[in-house]
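Residue numbers (the working numbering): 131 to 446. Encoded as structure tokens, the structure appears first; notes follow it.
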């Protein structure tokens, strides 16, 4: 199957760019994702996540987040012949026919806004269109999946959800705890994204979503970007391409194929599944999905059309 495109809901590569480790233009520099491999993998839109490392939280979370956002802008400006920034719904019309790849800015962790709705508006003005409410710890919005609590959104967290709905900003629940997940779904008027998560039924990790959560996300019109992180795919020592296919199949069976997307987590993990070592390997995934019985139309939904529908619904 040659006629496919890819939208990837999550990669952490911009951190390497900020730290001066890589220019993100060539595979010779290492890592999992760069412009050359993304082009080879037929990626038409990449979510660039600004991951705020634990040592900056909470006191310096805003500063570090802004540094990462600025780095993403520098990357896009430096490579303007190859990429452009997705700010609004109309920008999606350039895809997939444009020779340039779209980049959508995301922040992984609400620490970037502290406890200020004003800062939420500021990062929106700076081009951020998706916010992961938490990483694995507690912040002013909610508790992350790593906390052993049953707490839902704080009052500030509720205000954040409502304001994000007003702005047309993507709410990402991939790292939030289960109580927070249900609170978000109840409160939000817009579909919800789990940008890089897998199926708990296949791999019982706190970061994965139960079948009940998957069905609820689907009913809301949301999608799950299936994560390639081996620890979320299998309890075996090593993961491979077929483990990713198994999670895609399970989510499609439980929640419907319209709820499935891709969220690689490239450059956010130490190892990758065998056969999916980088952003240039999506053709192998497409072939594996075809061999697993998915139709051409279903594969197109999984690799990019579901994300296109979702983005067209949420962005303004």
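We put the beta carbon where it would ideally sit given N, CA and C, even for glycine.
Requested in this report: Give me whichever residues DSSP pairs with residue 231 in a beta bridge.
Outcome: 213, per the DSSP bridge assignment.
Query raised in the report: Would DSSP call residue 198 helix, strand or coil?
Result: Residue state, collapsed to three classes: helix.
Query raised in the report: Can you tell which of 345, 285, 325, 265 has its C-alpha closest to the C-alpha of residue 317?
Result: Selected option, being the one with the closest Cα: 285.
Query raised in the report: What residue from 439, 347, 271 has the CA that sits closest to residue 240's CA?
Result: Nearest C-alpha to residue 240: 271.
Requested in this report: Starting from the C-beta of residue 319, find all residues in its chain whose C-beta is less than 6 Å away, skip the five residues before and the five after it, and write them out in chain order.
Outcome: Residues 295 of the same chain have their beta carbon placed closer than 6 Å to that of residue 319, with the five preceding and five following residues left out of the count.
Query - Best match in 255, 289, 276 for proximity to residue 246 [C-alpha to C-alpha] - result: Nearest to residue 246 by alpha-carbon distance, out of 255, 289, 276, is 289.
Query raised in the report: Three-state secondary structure (DSSP) at residue 258?
Result: Three-state DSSP puts residue 258 in a strand.
Report task. With DSSP collapsed to three states, give me the class of residue 376. Result -> Three-state DSSP puts residue 376 in a helix.
Query - Where the alpha helix (DSSP H) through residue 348 begins and ends - result: Residues 341-349.
Requested in this report: Give the straight-line distance between the Cα atoms of residue 145 and residue 248, rounded to the nearest whole angstrom.
Outcome: Those two C-alpha atoms are separated by around 25 Å.
Requested in this report: Could you check how far apart the C-beta atoms of residue 143 and residue 396 are, in whole angstroms? I think they sit under 8 Å.
Outcome: Their Cβ separation, rounded to whole angstroms, is 7 Å, which keeps residue 143 and residue 396 in contact under 8 Å.
Report task. Could you spell out the range, first to last residue, of the alpha helix (DSSP H) harbouring residue 165? Result -> Secondary structure note for residue 165: its alpha helix (DSSP H) is the uninterrupted segment 165-170.
Query raised in the report: Which whole-angstrom value is the C-beta distance of residue 333 and residue 362, which I expect to be below 8 Å?
Result: The distance from the Cβ of residue 333 to that of residue 362 is about 6 Å, consistent with a contact at the 8 Å cut-off.
**Report entry** Residue range of the alpha helix (DSSP H) that includes residue 444
**Finding:** Counted as a single uninterrupted DSSP element, the alpha helix (DSSP H) harbouring residue 444 occupies residues 436-444.
Report task. To the nearest angstrom, report how far apart residue 162 and residue 369 are at their CA atoms. Result -> Their backbone Cα atoms lie some 16 Å apart in a straight line.
Query raised in the report: Using CA coordinates, which residue listed in 354, 230, 199, 326 is at the minimum distance from residue 252?
Result: Of the candidates 354, 230, 199, 326, the one whose C-alpha sits nearest the C-alpha of residue 252 is 199.
Query - Residues of its chain near residue 371, where Cβ-Cβ distance is below 7 Å and the 5 sequence neighbours each way are ignored - result: Excluding positions up to five away in sequence, the list reads 403, 404, 405, 406, 414, 415, 418.
Query raised in the report: Can you give the Cα-Cα distance for residue 444 and residue 352, rounded to whole angstroms?
Result: CA-CA distance, residue 444 to residue 352, rounds to 10 Å.
Query raised in the report: Going by the CB atoms, is the gap between residue 176 and residue 168 shorter than 8 Å?
Result: Taking 8 Å as the Cβ cut-off, residue 168 and residue 176 qualify as a contacting pair.
Query - beta strand (DSSP E) runs contained entirely in the segment 352-437, provided each spans 3 or more residues - result: Runs of the beta strand (DSSP E) lying entirely within the segment 352-437 and spanning at least 3 residues, in chain order: 353-356, 390-392.
Requested in this report: Tell me whether residue 446 is buried or exposed, calling it buried when 16 or more other Cβ atoms sit within 10 Å of its Cβ.
Outcome: Its Cβ having fewer than 16 others within 10 Å, residue 446 is exposed.
Query raised in the report: Which residues in the same chain as residue 184 place their Cβ atom closer than 6 Å to its Cβ, once the five residues preceding and following it in sequence are excluded?
Result: Around residue 184: no qualifying Cβ.
Query raised in the report: Taking C-beta to C-beta, are residue 300 and residue 323 nearer than 8 Å?
Result: For residue 300 and residue 323, yes; Cβs fall inside 8 Å.
**Report entry** Three CB pairs or more closer than 8 Å across the segment 384-401 and the segment 343-360
**Finding:** Contact between the segment 384-401 and the segment 343-360 is present: 3 or more CB-CB pairs across the two stretches fall below 8 Å.
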